[in-house]
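Here the structure comes first, spelled out in structure tokens, and everything after it is commentary.
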Amino acid sequence: MKILVINGPNLNMLGIREPGIYGDKSYAALVDFVRQVCAGLGAEPEFFQSNHEGAIVDAIQGAYGRIDGIVINPAAYTHTSVAILDALKAVSIPAVEVHLSDVSAREPFRQISYAGMACQATFAGYGFDGYRMAVEYLVEHHGRA
Ligand code: DQA
Numbered sequence: 051m052k053i054l055v056i057n058g059p060n061l062n063m064l065g066i067r068e069p070g071i072y073g074d075k076s077y078a079a080l081v082d083f084v085r086q087v088c089a090g091l092g093a094e095p096e097f098f099q100s101n102h103e104g105a106i107v108d109a110i111q112g113a114y115g116r117i118d119g120i121v122i123n124p125a126a127y128t129h130t131s132v133a134i135l136d137a138l139k140a141v142s143i144p145a146v147e148v149h150l151s152d153v154s155a156r157e158p159f160r161q162i163s164y165a166g167m168a169c170q171a172t173f174a175g176y177g178f179d180g181y182r183m184a185v186e187y188l189v190e191h192h193g194r195a
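Residue numbers (our numbering): 51 to 195.
Rendered as structure tokens:
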């Protein structure tokens with residue numbers, strides 16, 4: 051099973067950006083973590099990080115016919131991007147939304163998730179572990195209607 055792990059803007063700054071909210075571990079450490087999770091589950095991960103909305107749309111479109119599941123943390127675009135929502139709907143690849151922080155307990159502008167409307171599940175507030183939960187969810191539901 052091929053899984054595309056998409057991380058949106060500023061997640062390349064993990065470890066540096068607001069460590070009190072997002073933790074002190076780097077984006078490279080996140081990639082290592084997800085790689086290990088996937089290895090343990092027999093899944094094949096691919097990673098994509100971008101600070102640009104259109105590049106994320108392109109990555110989702112590029113997954114069509116090639117990728118079995120998407121793990122996506124659209125970061126700030128979560129709360130603004132109808133384009134990312136539409137891309138997820140266009141490819142209709144099973145997708146799971148992840149947030150490192152518990153967005154439900156944060157500012158009002160973080161309470162809407164457009165991408166989440168095209169996702170089968172959301173894991174928020176579990177740090178890196180949310181990505182593990184998302185990969186497990188996709189592996190568990192792979193091949194089911
Ligand atoms: C985030 C939450 C978003 O609200 C924020 O804009 C981010 C990261 C998270 O992982 O907690 O950049 O997606």
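For each residue, glycine too, the CB sits at the ideal point set by N, CA and C.
When the beta-carbon positions are compared, leucine 61 and tyrosine 77 come within less than 7 Å of each other.
Contact check for alanine 168 against aspartate 152 fails: the beta carbons are separated by 7 Å or more. Alanine 140 and leucine 54 have their C-alpha atoms spaced approximately 16 Å apart. Across the set Phe178, Arg156, His149, the C-alpha of Phe178 shows the shortest separation from the C-alpha of valine 81. Put simply, the backbone Cα of phenylalanine 83 is about 26 Å away from that of serine 142. Taking tyrosine 127 as reference, the option from Lys52, Val148, Arg194 with the minimal CA-CA separation is Val148. Separation of asparagine 101 and proline 144 (C-alpha to C-alpha, rounded to the nearest whole angstrom) is 23 Å. A residue is called buried once 16 or more other Cβ atoms fall within 10 Å of its Cβ, and glutamine 99 is buried on that count. Judged by their CB atoms, serine 131 and tyrosine 181 are not nearer to each other than the 7 Å cut-off. When the Cα atoms are used, glycine 166 and glutamine 111 turn out to be separated by approximately 17 Å.
Under the three-state reduction of DSSP output, phenylalanine 178 falls in the coil class, being neither helix nor strand. Per DSSP, the continuous beta strand (DSSP E) segment holding leucine 54 begins and ends at 52-57.
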